[in-house]
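The block underneath contains the structure these notes are about, expressed in structure tokens.
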Amino acid sequence: LDRALADLARHVPGFAAAVAGWLADAPREWAPLVGTNTRRTVEDVVGTSVPA
């Protein structure tokens with residue numbers, strides 16, 4: 218799942234921003250699903266840090 222989310226964040230316009238919003242709004246709920254690779258990708262695409 219992590220690899221798929223990272224790939225979508227790189228290639229689907231707006232997806233990285235959506236994931237960043239999900240992580241900001243509900244970090245504990247998303248933590249088990251979003252791994253380090255996706256977090257880094259989202260941060261690179263969006264240009265801001267996301268909750269860990």
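Under the working numbering, residues 218 to 269 are what the sequence shown spells out, in order.
In this text, a Cβ means the ideal position worked out from N, Cα and C, and glycines have one as well.
A quick note: this is a predicted structure, and the numbers were derived from the prediction, not measured.
Uninterrupted alpha helix (DSSP H) stretches inside the region 232-266 (no shorter than 4 residues): Qualifying alpha helix (DSSP H) stretches, in chain order: 232-242, 244-247, 253-263.
Per-residue burial, Thr253 [other beta carbons within 10 Å of its own, 16 or more giving buried]: exposed
Span of the alpha helix (DSSP H), counted from its first residue to its last, around Leu225: 219-228
Distance CB(Trp243)-CB(Val263) smaller than 9 Å: The question names Trp, but residue 243 in the sequence shown is Ala. No.
Contact check, Ala235 vs Thr255, beta carbons under 9 Å: Using a Cβ distance threshold of 9 Å, Ala235 and Thr255 do not count as a contacting pair.
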